[in-house]
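Each remark here refers to the structure printed beneath this line.
Protein chains: 2
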Amino acid sequence: MKNLPHKTIERLSQYRRALLLCHAKGMTYIYSHEIAKIQHITAVQVRRDIMLIGYTGTLRKGYNVKELIDLIGQIIDSKEGINVCIVGIGNLGRAITNYFSGKRTKLSIVAVFDVDKGKVGKKYYGIECFDIADLTKVIKEKKIEIAIMTVPGEDAPMISDILVKAGIIGMLNYTPKPVNVPKEVYLEEYDMITSLEKVAFFVKTH
Amino acid sequence: MKNLPHKTIERLSQYRRALLLCHAKGMTYIYSHEIAKIQHITAVQVRRDIMLIGYTGTLRKGYNVKELIDLIGQIIDSKEGINVCIVGIGNLGRAITNYFSGKRTKLSIVAVFDVDKGKVGKKYYGIECFDIADLTKVIKEKKIEIAIMTVPGEDAPMISDILVKAGIIGMLNYTPKPVNVPKEVYLEEYDMITSLEKVAFFVKTH
DNA sequence: AGGAAAATGTTAATTATTTCACAATGTTAA
DNA sequence: TTAACATTGTGAAATAATTAACATTTTCCT
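What follows is the structure, given as structure tokens:
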């Protein structure tokens, strides 16, 4: 059961978010096709994902919303919680910080970093900004395991190396510059230009 | 040749970006394994992607950087160029606008929108901000074909509907809320929370 | 009570993507 | 001149992800 497909993990995260909204609205049961509709995927895919995590719904009634939320939590959250930092508190860094602040209890942003001395010491959405020169020290002190890079592309490789040396084990790179990390570090990269170019391409070809 | 895999399109966009940097540095030829190194993928994958677009390198010399850049452009750019708008000029909207401003000649951000009257009329990175109430009018006037949504999640479905009615044919949804569009509209969704949860999961399971 | 309808759970088939393996061939060095 | 090497191009195999098909079961209706 540890070998869940990457795509399934992504969808579970999304299901949970949708389910939390349903739960807040007072729904106790939900059908696979209702989840599917929200995520605009097929009901079979929803059922398969749920099958993979070993949950069983009730025939003709669907899935218990609360139970499913909790089970997804058991699968994708880590029990103790994980500390995260944002490196580079420009527009994108602030967007993400704001986005997360006070959302997930198991994933907490505990520090943001920037080179700009004018930003150091200030708080962003309740999170203190540290000098990027103190990356290593703060990461160790605060037991930060995941870093989100939102620095300018040209700084990404250098910052990435520092983060790896400081003991980061997961990294989310939002700069347009791919970085190299040792295989023990889990790296996810996302680049907005690529996404837009992709949309433009598929728009063109119907 | 029109049936290029989605993943190949994404990589071609990335190759081009890397190649442009190489070209700027004066490189005239590049090997598949060099491109692979930059993107941290395998050389075979690079060669296959290049094969799929019908380009042929020179044995033992590699690929001509300039030729490859141009060919990728022919494949993924649309000849006439495409106009894009950003809906919601908060932190994320500004990050993207800044990111793109003056980069791709074939993809231009020609308008940004916001509900906040204090923002309307101002310029963001050189792009004028319009009232979101004028979405339909401005989209038609400026012949905008792609919209990037960076509004709060709760507004996403409603804005999405307006965009579709206004004639948008491609949409990039950066809100955490999935939206439904008719099948003629190409939709790409990306959600940062999901990405972070995914990293957290795979970090946990080595 | 019995039949129709609506769900889930799952095997099998299909499709998409990546990787392997290797032929072909130009380049370099002895 | 020839052997060793490095590189591209690609068919075939392997892996990953999605979709189809359908058995099963519960509920509802008559």
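Top to bottom, those sequences are chains F and W.
This note's numbering applies: residue 1 is where the first sequence begins, and numbers increase by one.
This note's numbering applies: residue 1 is where the second sequence begins, and numbers increase by one.
Cβ atoms here follow ideal geometry from the backbone N, Cα and C, with glycine treated the same way.
Q: Determine the extent of the alpha helix (DSSP H) in which L59(F) is found, giving its start and end residues.
A: Taking the first residue of the first sequence as position 1, residue 59(F) is located at position 59. Looking at the DSSP string, L59(F) is not in any alpha helix (DSSP H), and its letter there is neither H nor E.
Q) Just how far apart, CA to CA, sit R17(W) and L59(F)? A) Your numbering for residue 17(W) matches position 17 in the second sequence. Your numbering for residue 59(F) matches position 59 in the first sequence. Between R17(W) and L59(F), the C-alpha separation is close to 51 Å.
(Q) Against N173(F), what residues of chain W qualify as contacts under a CB-to-CB distance less than 9 Å, listed in chain order? (A) As a position in the first sequence, residue 173(F) is number 173, starting the count at 1. By Cβ distance, chain W contributes nothing, its closest Cβ being about 10 Å from N173(F), past 9 Å.
Q | Integer Cβ distance of E197(W) from S13(F), believed to fall under 8 Å | A | Residue mapping note: residue 197(W) aligns to position 197 of the second sequence, counting from 1. Residue mapping note: residue 13(F) aligns to position 13 of the first sequence, counting from 1. The pair is a contact, with the Cβ atoms about 4 Å apart (cut-off 8 Å).
Q: For P176(F), count neighbouring Cβ atoms within 10 angstroms of its own Cβ and tell me buried if that reaches 16, exposed if not.
A: The residue labelled residue 176(F) in the question sits at position 176 within the first sequence. The residue is buried, with at least 16 neighbouring Cβ atoms inside 10 Å.
Q: Mind checking which residues open and close the alpha helix (DSSP H) that includes I75(W)?
A: Here residue 75(W) is taken as the residue at index 75 of the second sequence, counted from 1. Start and end: 65–76.
Q: Below 6 Å CB to CB, which residues in the same chain sit around V179(W) once its five sequence neighbours on both sides are set aside?
A: On the second sequence, residue 179(W) is found 179 positions in, with the first residue counted as 1. Answer for V179(W): A156, P157, S160, N173, listed in chain order.
Q.
For A95(W), would you say it is in contact with chain F, using Cβ-to-Cβ distances shorter than 8 Å as the test?
A. The residue labelled residue 95(W) in the question sits at position 95 within the second sequence. Yes, A95(W) lies at the interface with chain F (some Cβ there is under 8 Å from its Cβ).
Q.
Given this structure, state the Cα-to-Cα distance separating F201(W) from E189(W), to the nearest angstrom.
A. Working through the second sequence from its first residue, we reach residue 201(W) at position 201. Working through the second sequence from its first residue, we reach residue 189(W) at position 189. F201(W) and E189(W): Cα-Cα distance of roughly 21 Å.
Q | A166(F) to I82(F) span [Cα, whole Å] | A | Within the first sequence, the letter at position 166 stands for residue 166(F). Within the first sequence, the letter at position 82 stands for residue 82(F). Using only the alpha carbons, I get a separation of about 16 Å.
Q) Where P152(W) and V87(W) are concerned, what is the direct C-alpha to C-alpha distance, given to the nearest angstrom? A) One-based indexing of the second sequence puts residue 152(W) at position 152. One-based indexing of the second sequence puts residue 87(W) at position 87. Approximately 10 Å between the Cα atoms of the pair.
(Q) Looking only at its chain, what residues have a beta carbon closer than 8 Å to the beta carbon of E67(W), apart from the 5 residues adjacent to it on each side? (A) Counting from one through the second sequence, the residue named residue 67(W) turns up at place 67. Closer than 8 Å at Cβ, skipping near neighbours: Y55.
Q. Would the region 133–153 of chain W and the region 88–103 of chain W be scored as touching if the rule is three or more Cβ pairs under 8 Å?
A. As far as the Cβ criterion goes, the region 133–153 of chain W touches the region 88–103 of chain W, which means the pair count is three or higher.
Q.
Against chain W, with Cβ distances strictly below 8 Å, would L196(F) count as a contact?
A. Position 196 of the first sequence, counted from the first residue, corresponds to residue 196(F). Judged by the 8 Å Cβ criterion, L196(F) is in contact with chain W.
Q: Would you give the residue range spanned by the beta strand (DSSP E) that I109(F) belongs to?
A: Taking the first sequence and counting its residues from 1, the one referred to as residue 109(F) is at position 109. Start and end: 107–114.
(Q) So the candidates are S108(F), Y15(F), G26(F), P182(F); which of them puts its Cα closest to the Cα of G73(F)? (A) Start at 1 with the first residue of the first sequence, and residue 73(F) comes out as number 73. Checked all of S108(F), Y15(F), G26(F), P182(F); the closest Cα to G73(F) is Y15(F).
Q: Anything in chain F within Cβ reach of K204(W), meaning under 7 Å, just list it in chain order.
A: On the second sequence, residue 204(W) is found 204 positions in, with the first residue counted as 1. Those are S78, listed as they occur along chain F.
Q. Beta carbon of E184(F): closer than 7 Å to some heavy atom of the ligand FMN?
A. The ligand FMN is absent from the structure shown, which contains no ligands of any kind.
Q. At least one CB of chain W closer than 8 Å to the CB of Y125(F): is that the case?
A. As a working note, residue 125(F) is residue 125 in the first sequence. Output row for Y125(F): interface = no.
Q) Name the residues in the region 144–177 of chain W whose C-beta lies less than 9 Å from a C-beta of chain F; which are they? A) E145, I146, I148, T150, I169, G170, M171, L172, Y174, P176, K177
**Q.** Close Cβ partners of D191(W) (< 7 Å) along its chain, the five nearest in sequence each way excluded
**A.** Here residue 191(W) refers to the residue found at position 191 when the second sequence is read from its first residue. For D191(W), same chain residues with a beta-carbon under 7 Å away, outside a window of 5 residues either side, are P176 in chain order.
Q. What in chain F is Cβ-close to D191(W), meaning under 9 Å?
A. Counting from 1 along the second sequence, the entry for residue 191(W) is found at position 191. By Cβ distance, chain F contributes E10, S13, Q14, R17.
**Q.** Sequence-distant residues of its chain with Cβ nearer than 7 Å to G90(F) (five each side left out)
**A.** Here residue 90(F) is taken as the residue at index 90 of the first sequence, counted from 1. Counting only Cβ-Cβ distances below 7 Å, and skipping sequence neighbours, we find T150.
Q) To the nearest whole angstrom, what separates the beta carbons of V65(F) and L135(F), a pair I think is in contact under 8 Å? A) Along the first sequence, read from residue 1 onward, the residue named residue 65(F) stands at position 65. Along the first sequence, read from residue 1 onward, the residue named residue 135(F) stands at position 135. At roughly 41 Å, the Cβ-Cβ gap does not stay under 8 Å, so V65(F) and L135(F) are not in contact.
Q) Where does V164(F) land, buried or exposed, given buried means 16+ other C-beta within 10 angstroms? A) For this step, residue 164(F) is matched to residue 164 along the first sequence. Burial call: buried.
Q: Throw me the rounded Cβ distance for the I109(W) and V84(W) pair, which I believe falls under 8 Å.
A: By one-based count along the second sequence, residue 109(W) stands at place 109. By one-based count along the second sequence, residue 84(W) stands at place 84. Between V84(W) and I109(W) the Cβ distance is about 5 Å, and since that is below 8 Å, they are a contact.
Q.
So, under 8 Å CB-CB, I75(W) and I53(W) are touching, yes? Tell me the CB distance rounded to an integer number of Å.
A. The residue you call residue 75(W) lines up with position 75 of the second sequence. The residue you call residue 53(W) lines up with position 53 of the second sequence. The pair is a contact, with the Cβ atoms about 5 Å apart (cut-off 8 Å).
**Q.** Start-to-end residues for the beta strand (DSSP E) that takes in E188(F)
**A.** Counted from its first residue, the first sequence places residue 188(F) at position 188. Start and end: 186–189.
Q: Could you tell me the boundaries of the alpha helix (DSSP H) in which I139(W) lies?
A: Here the question's residue 139(W) lines up with position 139 in the second sequence. Start and end: 135–141.
Q: Could you spell out the range, first to last residue, of the alpha helix (DSSP H) harbouring N180(W)?
A: On the second sequence, residue 180(W) is found 180 positions in, with the first residue counted as 1. Per DSSP, N180(W) belongs to no alpha helix (DSSP H) and is neither H nor E.
**Q.** Cross-strand partners of Y124(F) (DSSP beta bridge)
**A.** As a position in the first sequence, residue 124(F) is number 124, starting the count at 1. Answer is I127(F).
Q. Under the three-state reduction of DSSP, which class applies to E34(W): helix, strand or coil?
A. In the second sequence, the residue the question calls residue 34(W) occupies position 34. Reduced to three states, the DSSP call for E34(W) is helix.
Q | Selection from T205(W), L187(W), L71(W), T8(W) that minimises the alpha carbon distance to V44(W) | A | Translated into positions along the second sequence, residue 44(W) becomes position 44. Residue T8(W) is the option with its Cα nearest to V44(W).
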